[in-house]
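A short write-up of the structure that comes next.
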Amino acid sequence: MRQRSLSALALAAVVGTVLGTAGCTVERHWGGNTTPAGSGKARVGLVTKTDTNPYFVELRNAAGAAAKANGADFHALAGQFDGDNDGQVRAIENLMQQGVNTILITPSSSTGVLKAIKDARDAGVLVIALDTATEPADAVDATFATDNFAAGQQQGAYVKASLGGVDPKLLMVDGTAGSSVDTQRHGGFLKGIGLTDSSPEIKGHTNAGGDQSQAQQGMENLLQRSTDLNAVYSMNEPMGRGAYAALKARGLTGQIVMGSIDGGCEGVQNVKDGLYAATVMQFPKKMAEQGVLAAVEYAKTGKKPTGFVNTGSTVITDKPMPGVPSQNTTWGLQNCWGGAK
C-alpha cells in the first residue's frame, strides 16, 4: 500500500461531499489540525468505497442525518470505484487536514489503507470501520458491521431447509476472491447448508466480483456443464439477479432454491417477485448511526469503542421455513435500503 502526498492534483481525484448541520454543500478545506477528543465538538469524516452504490449512499445519508441530529460536523468522501485504495488513502489525508476527530471508513481492501489509518490514529483520530473489517481487526479502534459469516450461515440454513431433506446439487456465485466479506459469507453459507469446499454436492462455482453481468455470464458457463441442480448460492443481490437471468434462459428457475444477501429494496422486491427464495438483510443505517454516536461520545469524553459490534441480519422471505427465523417481504420493504419504501 503506497502512501501518497497531499496535493491539489491528487485530491481532485477524490469524490467528496461535505454535509454541514445546516444543509448539504460541496467544499474543500486545505488546512487545519485535528480537533482533540474531549473538546466537545464532534467532527466526523466518512470514507466509503464509492459514492454511487445504493448501499453506501444509504450509509452516507444515515451518517449525515445522525450527525445533524447530534450537532456534529460531517464530511463525506469516497473512492472513485470499488477497490480504489489510493483514493481512500487520499480521502483519509484530506479529512485529517479538515480537522476531524473521528473517521468512519468502509475499506475497499481490508489491508490497503492500513498505513493511512495508523497515521490517523497516531494523530489522535478515532477510526471506526463500518461494514467491512480491516485485517488485522485491531488496525481500527472498533468495527460496526454485519457479521457476514452469520449472514451466510442464515442463507445456507434457509436453502437447506427449503430442500426438505434432499441432498443439495449446488452452484456457488462468489464475489471477489480473497476479500474478507466474500470469504466470510461463503464459509458461513457452507456451514449453514452443512457442506465444505471439498463436498461433492458442490457442482461448480464462479467469481463475479459483485457484478450482475459477470454473474450471468459465469452462471451460463456453469450451466453448459450440467443442469442437474437444485440450489444456488449468490454472495449478493446483483449477482443473484444475474444468476436468475441465466437460469431463466434455460427454464431452470422452477427447480432451484436460491438465496442471497444484502437487503436492498430492489433485492427484497426480487424475493417478492420470485427471482430468489430469500435474501438476508443487513442494516447500513444502524452501522452509520452507531458510528456517529460513538464519535459524539469520543469528542465529549475521549471514550473509545472497541472490538466488533454486530449490527445484525435478518432473513427475508415469503416462504418461511421451520427453524429459520425470518420476516416477510412486507416487513422487508419497510426496512430495506437503497430505494423508495
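Residues -20 to -1, 1 to 321 in mature numbering (1 follows the signal peptide of the UniProt record, and there is no 0) are what the sequence shown lists, from first letter to last.
Heads up, the beta-carbon is just placed ideally off N, CA and C, and yes, glycines get one too.
Which word fits residue i, buried or exposed, when buried means at least 16 other C-beta atoms lie within 10 angstroms of its C-beta?
i: Ala(-13); result: Here Ala(-13) scores only 34 on pLDDT, less than 50, and its place in the model is too uncertain to base an answer on.
i: Ser306; result: buried
i: Thr291; result: buried
i: Glu115; result: exposed
i: Ala131; result: buried
i: Ala52; result: buried
i: Gly25; result: buried
i: Val272; result: buried
i: Asp208; result: exposed
i: Lys283; result: exposed
i: Gly59; result: buried
i: Arg205; result: exposed
i: Val146; result: exposed
i: Asp253; result: exposed
i: Thr112; result: buried
i: Lys29; result: buried
i: Arg230; result: exposed
By DSSP, does residue i sit in helix, in strand, or in coil?
i: Asn290; result: strand
i: Met52; result: First, the residue type needs correcting, since residue 52 is Ala and not Met in the sequence shown. DSSP places Ala52 in coil when its eight states are reduced to three.
i: Gly11; result: Low confidence applies to Gly11: its pLDDT is 36, below 50, so where it sits in the model is not reliable, and the reading given next is rough at best. Gly11 falls in the coil class under three-state DSSP.
i: Val37; result: helix
i: Val93; result: coil
i: Leu57; result: strand
i: Lys183; result: strand
i: residue 322; result: Only positions -20 to 321 of the chain appear in this structure, which leaves residue 322 out of reach.
i: Gly145; result: coil
i: Val120; result: coil
i: Gly244; result: strand
i: Thr233; result: helix
i: Gly25; result: strand
i: Ala211; result: strand
i: Gly318; result: coil
i: Gly198; result: helix
i: Ala125; result: strand
i: Gly303; result: coil
Within a Cβ cutoff of 7 Å, which residues of the same chain sit near residue i, ignoring the five residues on either side of it in sequence?
i: Gly20; result: Ala279 and Lys280
i: Met76; result: Thr14, Ala100, Ala103 and Val105
i: Gly287; result: Ala122
i: His9; result: Note that His9 has pLDDT 34, beneath the 50 cutoff, so the model's placement of it is unreliable and the number below is only indicative. Cβ within range, chain order: Gln77 and Gln78.
i: Leu202; result: Leu151, Gly184 and Thr186
i: Ala226; result: Gln196, Met199, Glu200 and Leu203
i: Asp64; result: Ser88
What residue range does the beta strand (DSSP E) around residue i cover?
i: Asp162; result: Counting along the chain, Asp162 falls outside any beta strand (DSSP E), though it belongs to the alpha helix (DSSP H) covering Ser160 to Ile173.
i: Val107; result: Leu106 to Leu110
i: Asp33; result: One point to set straight first is that residue 33 is Asn, not Asp, in the sequence displayed. Where Asn33 is concerned, there is no enclosing beta strand (DSSP E), given that its DSSP letter is neither H nor E.
i: Val276; result: From DSSP, Val276 is part of no beta strand (DSSP E) but of the alpha helix (DSSP H) over Pro264 to Thr281.
i: Met219; result: Note, Met219: premise wrong, no beta strand (DSSP E); alpha helix (DSSP H) at Glu217 to Ala229.
i: Gly190; result: Per DSSP, Gly190 belongs to no beta strand (DSSP E) and is neither H nor E.
i: Leu150; result: Leu150 to Asp154
i: Leu84; result: Thr82 to Ile85
How would you write the range of the alpha helix (DSSP H) that residue i sits in, first residue to last?
i: Gln133; result: Asn128 to Ser142
i: Gly20; result: Here Gly20 belongs to no alpha helix (DSSP H), and DSSP marks it neither H nor E.
i: Met76; result: Asn65 to Gln78
i: residue 325; result: The structure shown does not extend to residue 325, since the chain is modelled only from -20 through 321, so no value can be given for it.
I'd like the list of long-range same chain contacts for residue i, defined as Cβ closer than 8 Å, with 5 residues on each side in sequence excluded.
i: Val248; result: Thr259, Met261, Ile296, Thr309, Gly312, Leu313 and Cys316
i: Thr1; result: For Thr1, the pLDDT reaches just 35, beneath the cut-off of 50, and the residue's location in the model is therefore unreliable, although a value from the coordinates is still provided. Excluding residues within five positions, the ones whose Cβ falls inside 8 Å are Ala47, Lys48, Gly51, Ala52, Asp53 and Phe54.
i: Val37; result: Asp31 and Gly318
i: Lys140; result: Pro148, Gly172, Ile173 and Gly174
Within the same chain, show all residues whose beta-carbon is closer than 6 Å to that of residue i, passing over the 5 residues directly before and after it, in chain order.
i: Gln270; result: Phe124
i: Thr294; result: Met261 and Gln307
i: residue 329; result: Only positions -20 to 321 of the chain appear in the structure, and residue 329 is not among them; the question remains open.
i: Pro218; result: Gln192
task = Check whether the segment 186 to 198 touches the segment 210 to 224, taking contact to mean three or more Cβ pairs, one atom from each stretch, closer than 8 Å.
result = Between the segment 186 to 198 and the segment 210 to 224 there are three or more inter-stretch CB-CB distances shorter than 8 Å, so the stretches are counted as touching.
Given 8 Å, three or more beta-carbon pairs between the segment 105 to 114 and the segment 77 to 86 = yes
ask   = Per the contact definition of three or more C-beta pairs closer than 8 Å, is the segment 133 to 149 in contact with the segment 169 to 179?
value = yes
ask   = Can at least three beta-carbon pairs, one atom from the segment 249 to 267 and one from the segment 311 to 318, be found at a separation below 8 Å?
value = yes
message = For the segment 204 to 213 against the segment 140 to 150, do three or more pairs of beta-carbon atoms, one drawn from each stretch, fall closer than 8 Å, so that the two count as touching?
response = Contact between the segment 204 to 213 and the segment 140 to 150 is established, with three or more Cβ pairs separated by less than 8 Å.
task = For the segment 234 to 249 and the segment 176 to 191, state whether three or more C-beta atom pairs, one from each stretch, are separated by less than 8 Å.
result = no
query = Can we say the segment 31 to 50 touches the segment 266 to 279, given the rule of at least three CB pairs closer than 8 Å?
reply = yes
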